[in-house]
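Numbering (the numbering used here), first residue to last: 1052 to 1760. Note that the Cβ used here is the ideal one computed from N, Cα and C, for glycine as well. Please read all numbers here as calculations on a predicted model, not as lab measurements. The structure appears right after this line, and notes come after that.
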């Protein structure tokens, strides 16, 4: 549970005012080659302007800003030199006095780095022998971790000599600049916080200063690939607007605004904004919303996204004052958090749609809505996911795969190496193991639950809860925990339901084969299979252990067992969704999945990812070259008649068809198709260049595939 209430958002939907200025020096000041200077009207210490300095090099001798007008002084007099600075994370600034008639003085004090606000630099000494005047200068120094460019601000230079008597520093207050106002981009906003996969989205801003008319462009990329610039047009007054086109669900979009004035001698650039278009999977895969870098840092922090998931934690469970719950979809889980939103009701097992900014708290990925009232939609009852039954070793081998998910661990014991079981009103970290002490994990007892109001259980136990993380510093590679939601998550040893090692659906011509493997079974009478043509509703039972011996369970077993069921009552070209249900001796049912399959004519293995794109697409296969398998992604958009006929043929360099991967009707979706390099007879083809041709009634595209043995 969080105890602090501190949120400092520097990248948001509407954002802070983003201002880009033409590079220009303040009057009576000179800048070195290693810095760019700008007239700044937002981050100001006093008056209307300050000087923004972008440090572009670690060569310190090229990072000076110098005043051109000497101040008359008397040798032997005391003096005090001061200015105000706002420094970046990896830059510090010192003062320099260039004496007329004597050697320069480099001060031995600094301001910064990372002042976090305006901080005054002050240096006092005695005017050296022979000096009759002085020019004031500052120098920017890089510190460890510097990465150009880094932005600083300076303002309000003063000089006293003798100390206490102010002398004039020409334009020391940074109020005088070359004639003509700075070219400025402000009030950047967009039409939709997160557009749906069917929506375009206009971006607008105000442009002032410089020399009109302006050329204003939206520079943007999709999934890291630069797109054609979008021209912005004037919609009245200072406002300019341009429209981003529709993108597929989960597409990562980054954009910024670039403006050039009529004289082509001034340009300005806004901040960069990021979002995930449409609805995104709660996934930590490459390019997905929960992806982290090598240090465990969230790659897309402050990007906005929309997710749909089932609540595995109800409001009030882990916090009485904040909204602190978890949502889970077929791909993973995420913490939904909002300070002081305790009146927002989240019901366990209901499905919710959330729009918010991605964030990270002590290694844990969060989604934070701007407004918990308007940005969270209750979709009604959902299908509560069953806990992913894993060993501690399995969890710690790939912890980011499970962070935010409902999990279960069997045969848990308290090692005694952590804290003691807490008294009422207190929290504690208990060290647990499931293998005699080889693998260790923290069990977090949260004082907002009823766990602290009850005595410590008699170990061993089975434990359910949310797999989460609390690591206070980068790299975020530790601090993983299981957080039970109540005493109901502490179960008798061996009472957790069936533990699945895998559950897959394999599409074939006119049938779908389901395969699953259990790691263990507890009181398992058998399995049922339910099916739907929609991912989140409409499931009906199509097979049961009651009349199919192949679906009967082992009751109690710690051995692996493989199961298989073939659904022959399917239609080619329709995507089917399946859930596996295990039933225990008390009739309690636990659901696994869903998984999907698209039966079709052709021998390619095909999977529907569950998203609906806006347009047709065929992506290059990967890997390429490949051996022995390669994967091809293609998109079918929403269609007026619900489906279309599609083919995917493979041809050799002579133009001969060697493989039919798909030939059937197909419904809208984003699909993954796999080819193992074999021909129609199943024989492996020789190394060489092959061409994959994907075609529908209105779309055809070819990709080049290289099989290399």
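Nearest-angstrom beta carbon gap, residue j and residue i [assumed within contact, 8 Å]
| i | j | result |
| --- | --- | --- |
| residue 1289 | residue 1188 | Not really, about 37 Å apart at Cβ, beyond 8 Å. |
| residue 1205 | residue 1132 | Actually they are not in contact, since the Cβ atoms of residue 1205 and residue 1132 sit about 13 Å apart, beyond 8 Å. |
| residue 1548 | residue 1686 | Not confirmed; about 37 Å, so no contact. |
| residue 1387 | residue 1418 | 6 Å |
| residue 1536 | residue 1568 | At roughly 28 Å, the Cβ-Cβ gap does not stay under 8 Å, so residue 1536 and residue 1568 are not in contact. |
Where the beta strand (DSSP E) containing residue i begins and where it ends
| i | result |
| --- | --- |
| residue 1448 | Note, residue 1448: premise wrong, no beta strand (DSSP E); alpha helix (DSSP H) at 1443-1448. |
| residue 1377 | 1374-1379 |
| residue 1402 | 1401-1412 |
| residue 1756 | 1751-1758 |
| residue 1305 | 1303-1311 |
| residue 1643 | 1640-1648 |
| residue 1290 | 1290-1295 |
| residue 1384 | 1384-1389 |
| residue 1146 | 1142-1151 |
| residue 1365 | Where residue 1365 is concerned, there is no enclosing beta strand (DSSP E), given that its DSSP letter is neither H nor E. |
| residue 1080 | 1080-1082 |
| residue 1417 | 1415-1419 |
| residue 1392 | Where residue 1392 is concerned, there is no enclosing beta strand (DSSP E), given that its DSSP letter is neither H nor E. |
| residue 1117 | 1115-1118 |
| residue 1087 | 1086-1091 |
Beta carbon of residue i nearer than 7 Å to that of residue j
| i | j | result |
| --- | --- | --- |
| residue 1745 | residue 1755 | no |
| residue 1461 | residue 1513 | yes |
| residue 1676 | residue 1757 | yes |
| residue 1310 | residue 1271 | no |
| residue 1767 | residue 1099 | Because the chain in this structure spans residues 1052 to 1760, residue 1767 falls outside the shown range and cannot be described. |
| residue 1395 | residue 1374 | yes |
| residue 1281 | residue 1308 | no |
| residue 1722 | residue 1699 | no |
| residue 1043 | residue 1357 | The chain is shown from 1052 up to 1760; residue 1043 falls before or after that span and cannot be answered. |
| residue 1303 | residue 1274 | yes |
| residue 1465 | residue 1443 | no |
| residue 1572 | residue 1615 | no |
| residue 1629 | residue 1650 | no |
| residue 1579 | residue 1564 | no |
Whole-angstrom distance between residue j and residue i, CA atom to CA atom
| i | j | result |
| --- | --- | --- |
| residue 1557 | residue 1682 | 15 Å |
| residue 1050 | residue 1731 | It is not possible to answer for residue 1050, since the shown part of the chain is limited to 1052 through 1760. |
| residue 1501 | residue 1473 | 11 Å |
| residue 1724 | residue 1741 | 16 Å |
| residue 1279 | residue 1665 | 18 Å |
| residue 1577 | residue 1640 | 10 Å |
| residue 1158 | residue 1179 | 13 Å |
| residue 1213 | residue 1078 | 26 Å |
| residue 1529 | residue 1610 | 31 Å |
| residue 1073 | residue 1124 | Note that residue 1073 has pLDDT 47, beneath the 50 cutoff, so the model's placement of it is unreliable and no number is given. |
| residue 1657 | residue 1559 | 9 Å |
| residue 1484 | residue 1490 | 6 Å |
| residue 1432 | residue 1539 | 21 Å |
| residue 1144 | residue 1360 | 49 Å |
| residue 1670 | residue 1684 | 6 Å |
| residue 1151 | residue 1126 | 11 Å |
| residue 1408 | residue 1244 | 10 Å |
| residue 1450 | residue 1398 | 27 Å |
| residue 1590 | residue 1381 | 16 Å |
| residue 1507 | residue 1422 | 39 Å |
| residue 1534 | residue 1323 | 37 Å |
| residue 1141 | residue 1107 | 12 Å |
| residue 1227 | residue 1090 | 9 Å |
| residue 1363 | residue 1190 | 55 Å |
| residue 1710 | residue 1759 | 17 Å |
| residue 1293 | residue 1283 | 4 Å |
| residue 1164 | residue 1471 | 42 Å |
| residue 1389 | residue 1372 | 10 Å |
| residue 1225 | residue 1207 | 7 Å |
| residue 1542 | residue 1488 | 20 Å |
Segments of 3+ residues assigned as beta strand (DSSP E) that fall wholly inside the region 1512-1594: 1512-1520, 1531-1534, 1541-1543, 1550-1559 and 1562-1583
Pick out the complete beta strand (DSSP E) segments inside the region 1675-1742, 3 residues or longer, and give them in chain order. 1681-1687, 1695-1702, 1708-1717 and 1720-1726
Please specify which runs of the alpha helix (DSSP H), each continuous and at least 4 residues long, are wholly inside the region 1427-1498, giving them in chain order. 1443-1448
What residue ranges within the region 1223-1278 form continuous beta strand (DSSP E) runs of no fewer than 3 residues, ordered along the chain? 1235-1241, 1252-1259 and 1266-1273
Whole runs of the beta strand (DSSP E) within the region 1121-1201, excluding any shorter than 3 residues: 1129-1137, 1142-1151, 1170-1177 and 1184-1193
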